[in-house]
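Undergrad:
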Amino acid sequence: MKKTLIAHSPDADDIFMYYAIKFGWVDMKDTHFDNIAKDIQTLNEDALKGVYDIVAISFALYPNIREEYAPLRTAVSFGEGYGPKLIKRKGQKLRRNFKVALSGKHTTNAMLFRIAYPEARISYMNFLEIEDAVKEGKVDAGVLIHESILTFANELEVEREMWDIWQELAGRELPLPLGGMAIRRSLPLNRAIDYEKTLTKAVQVARDHKERLSNMLIERDLVRIDAQTLEKYLELYANDDSITLSDIQYEAIDKLFEIGYEHGFYDRPVSIRDYLIPTEYTALRES
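Residue numbers (this note's numbering): 952 to 1238.
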């Protein structure tokens, strides 16, 4: 039996979308899945190094790994009127060159922030450290991601929503592409197709059994938030739109890549559909 490691972030939506496999509700023939959780920037860096066969990434990273990895159509997280938040201490006025904490150079929020605030002085740190860094005055502001967008301290306030920056740059209302999964291109194609099918089923099963799965995650201390916050958070980032990419999501990802290219983050224009796993291969084999 082949052991397959899936690397994902420790935030609640990634855990929720993976744990239908971990709990044995979904499986794949002759394959044993295991998982490892790391912060998203570490995963982005690992993807640049080609560490894992299947890895969670920020969408903004993808054009930089397109030759080595294919994007998966499932386990995706988008913002729809919400997303990461630029926060500061209440009542503080930010200067043009304010000091800010971001969760990693290759994250989607970092790319959008750098475009919107070119004079800001950036410090990169683990996303779990950002709120305290702002509260303690180590930085003037920080971009919160994951569950902290719902739980940050009362002494802090939102300076700007990354959703608003995204809409301004996109020029029209599109969902904000935040994170997804990528799979190594060197894997046999039929196996890569089976991996994508299995992971898609896992997200579907997680959604179908959301209450039961959420209770298990809470009871086993697998998430950092309480049940009420988990319910709200999953409807933001691990919802029915996370099961498989839609046309509007493809359009949004391409717009993100277009913006990144125009601002010098990528070496060439990229369209996400050009790099997907060619699932028609299965039909050809069976015909």
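Heads up, the beta-carbon is just placed ideally off N, CA and C, and yes, glycines get one too.
#1: Are there 16 or more other CB atoms within 10 angstroms of the CB of residue 962, so buried, or fewer, so exposed?
#2: Which residues mark the beginning and the end of the beta strand (DSSP E) in which residue 1190 is found?
#3: Check whether the Cβ atoms of residue 1030 and residue 1129 sit closer than 8 Å, and answer yes or no.
#4: Using 10 angstroms around the beta-carbon of residue 1057, count the other beta-carbons present and answer buried if the total reaches 16, otherwise exposed.
#5: Could you tell me the boundaries of the alpha helix (DSSP H) in which residue 1120 lies?
#6: Since residue 1052 and residue 1093 are thought to touch, with beta carbons under 8 Å apart, how far apart are those beta carbons, to the nearest angstrom?
#7: Compute the beta-carbon to beta-carbon distance between residue 967 and residue 1168, rounded to the nearest angstrom, for a pair I have assumed lies under 8 Å.
#8: For the beta strand (DSSP E) containing residue 986, list its first residue and its last residue.
#9: Going by the beta-carbon positions, is the gap between residue 977 and residue 1109 smaller than 8 Å?
#10: Taking a contact to mean a Cβ-Cβ separation below 8 Å, would you say residue 1120 touches residue 1066 in this structure?
#11: Do you know how far the Cα of residue 1021 is from the Cα of residue 1229?
#12: Tell me which same chain residues have a C-beta within less than 7 Å of the C-beta of residue 959, skipping the five on either side of it?
#13: Quick one: which unbroken alpha helix (DSSP H) runs of 4-plus residues sit fully inside the stretch 1060-1124? Chain order, please.
#14: From the DSSP output, in three-state form, read off residue 1217 for me.
#15: Whose C-beta lies closer than 6 Å to the C-beta of residue 1024 among residues of the same chain, with five residues either side of it excluded?
#16: Counting along the chain, where does the alpha helix (DSSP H) carrying residue 1153 start and finish?
#17: Identify whether residue 1238 lies in helix, strand or coil by the three-state DSSP scheme.
TA: Result, derived from the coordinates:
#1: Along the sequence shown, read from residue 1 onward, the residue named residue 962 stands at position 11. Buried, because 16 or more other Cβ atoms sit within 10 Å of the Cβ of residue 962.
#2: Residue mapping note: residue 1190 aligns to position 239 of the sequence shown, counting from 1. It is not in any beta strand (DSSP E) - residue 1190 carries neither H nor E in the DSSP assignment.
#3: By one-based count along the sequence shown, residue 1030 stands at place 79. By one-based count along the sequence shown, residue 1129 stands at place 178. Their beta carbons are under 8 Å apart, which means residue 1030 touches residue 1129 by this criterion.
#4: To locate residue 1057, count along the sequence shown from 1; it is residue 106. Burial call: buried.
#5: On the sequence shown, residue 1120 is found 169 positions in, with the first residue counted as 1. Counting along the chain, the alpha helix (DSSP H) containing residue 1120 begins and ends at 1113-1121.
#6: As a working note, residue 1052 is residue 101 in the sequence shown. As a working note, residue 1093 is residue 142 in the sequence shown. Going by Cβ atoms, the distance from residue 1052 to residue 1093 rounds to 4 Å, so yes, they are a contact pair.
#7: Along the sequence shown, read from residue 1 onward, the residue named residue 967 stands at position 16. Along the sequence shown, read from residue 1 onward, the residue named residue 1168 stands at position 217. Rounded to the nearest angstrom, the Cβ distance from residue 967 to residue 1168 is 7 Å, consistent with a contact under 8 Å.
#8: Numbered from 1 along the sequence shown, position 35 holds the residue referred to as residue 986. Secondary structure note for residue 986: its beta strand (DSSP E) is the uninterrupted segment 982-988.
#9: As a working mapping, residue 977 is identified with position 26 in the sequence shown. As a working mapping, residue 1109 is identified with position 158 in the sequence shown. The Cβ atoms of residue 977 and residue 1109 do not sit closer than 8 Å to each other.
#10: In the sequence shown, the residue the question calls residue 1120 occupies position 169. In the sequence shown, the residue the question calls residue 1066 occupies position 115. Yes; because the gap between Cβ atoms is below 8 Å, this pair is in contact.
#11: Start at 1 with the first residue of the sequence shown, and residue 1229 comes out as number 278. Start at 1 with the first residue of the sequence shown, and residue 1021 comes out as number 70. Roughly 10 Å between the two C-alpha positions.
#12: Along the sequence shown, one-based indexing puts residue 959 at 8. Shown here for residue 959: same chain residues with a beta carbon closer than 7 Å to its own, the five before and five after excluded, namely 965, 969, 986, 988 and 1007 in chain order.
#13: The alpha helix (DSSP H) runs of length 4 or more contained entirely in the stretch 1060-1124 are, from start to end of the chain, 1081-1086, 1099-1102 and 1113-1121.
#14: To locate residue 1217, count along the sequence shown from 1; it is residue 266. In the three-state DSSP reduction, residue 1217 falls in the coil class, being neither helix nor strand.
#15: Residue 1024 sits at position 73 when you count from the first residue of the sequence shown. For residue 1024, the CB contacts under 6 Å within the same chain, skipping 5 residues up- and downstream, are 1195 and 1196 in chain order.
#16: For this step, residue 1153 is matched to residue 202 along the sequence shown. Per DSSP, residue 1153 belongs to the alpha helix (DSSP H) from 1140-1159.
#17: As a working mapping, residue 1238 is identified with position 287 in the sequence shown. In this prediction, residue 1238 has a pLDDT of 44, which is less than 50 and means its spatial position is unreliable; what the coordinates show is noted afterwards. In the displayed model, residue 1238 falls within coil according to three-state DSSP, outside both helix and strand.
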